[in-house]
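Read in order, the letters of the sequence shown are residues 8 to 176 in the working numbering. Positions of the beta carbon are idealized from the N, C-alpha and C atoms, including for glycine. Notes for the one structure printed next.
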Amino acid sequence: MPVAKPLYKIVPKIATYKSAILPGYGQIYNRQYWKVPFVYGGLGLSVYYIITNNNKYLKYKTALASFYDSNLQLKANEPIVLVTINGITRQLNFNQILRRTDFYRRNRDYSYLALAGVWVFNIIDANVSAHLKTFDLSDDISFQVKPTLNTQNDFNQLTMGLKFTFNLN
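Structure representation (structure tokens):
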């Protein structure tokens, strides 16, 4: 006689831990394989923008440093610097370089926040999906409202009422 295979039981706590340790692992545990490419797509896109914005930030930061002398005093005789980004050389003044440095630093920092957000969303999704997969949808869950007639013992009168019934398994 063949031995029956035990049912695969999903535990939300385990799905949450697995997703926190390795993104997408909670979705695999929940057998929602189709979500894994979206998780890694979001993480990959965030990492791409972190690297891109950081590289541009460092180039503009280096260009910004050329405006200062060794005593960290602003040089007055050098109003324009040539900056080459992605093969394009531009003449930029101090304020333009300062704005672009701040722009790429801010975007790099937002990309770190996006990376953390995708990771946290991945954990929340694994937890919620595991809870929804373990949610009992049997017919035993019901709520009923029925009219009733009650008798008062003292006066032998009938009174009308409503009976609320809530059944859980």
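Determine the DSSP secondary structure at residue i, reduced to helix, strand or coil.
i: residue 164; result: strand
i: residue 114; result: helix
i: residue 17; result: coil
i: residue 128; result: helix
i: residue 105; result: helix
i: residue 175; result: coil
i: residue 122; result: helix
For a test of your reading of the model: does the CB of residue i fall under 7 Å from any non-hydrogen atom of the ligand GTP? Yes or no.
i: residue 155; result: Absent from the structure shown: the ligand GTP. Ligands present: none.
How about residue i and residue j: are their beta carbons less than 8 Å apart?
i: residue 140; j: residue 17; result: yes
i: residue 47; j: residue 33; result: no
i: residue 50; j: residue 125; result: yes
i: residue 61; j: residue 115; result: yes
i: residue 66; j: residue 87; result: no
Which two residues bound the contiguous beta strand (DSSP E) that contains residue i?
i: residue 156; result: 149-159
i: residue 99; result: 95-100
i: residue 89; result: 87-92
Which residues bound the alpha helix (DSSP H) around residue i?
i: residue 39; result: Element bounds for residue 39: n/a, residue is neither H nor E.
Assuming residue i contacts residue j (C-beta within less than 8 Å), just tell me the rounded distance between them.
i: residue 111; j: residue 42; result: With 8 Å as the limit, residue 111 and residue 42 do not qualify as a contact, their Cβ atoms being about 32 Å apart.
i: residue 96; j: residue 105; result: Wrong, their Cβ atoms sit about 19 Å apart, outside the cutoff.
i: residue 155; j: residue 169; result: 7 Å
Check whether the segment 61-76 touches the segment 99-108, counting contact only when three or more Cβ pairs, one atom from each stretch, lie closer than 8 Å.
yes
Just checking, does the segment 151-165 make contact with the segment 115-134 on the three C-beta pairs under 8 Å criterion?
no
Measuring CB atoms only, is the segment 39-57 touching the segment 112-127, in the sense that at least three cross pairs come out at less than 8 Å?
yes
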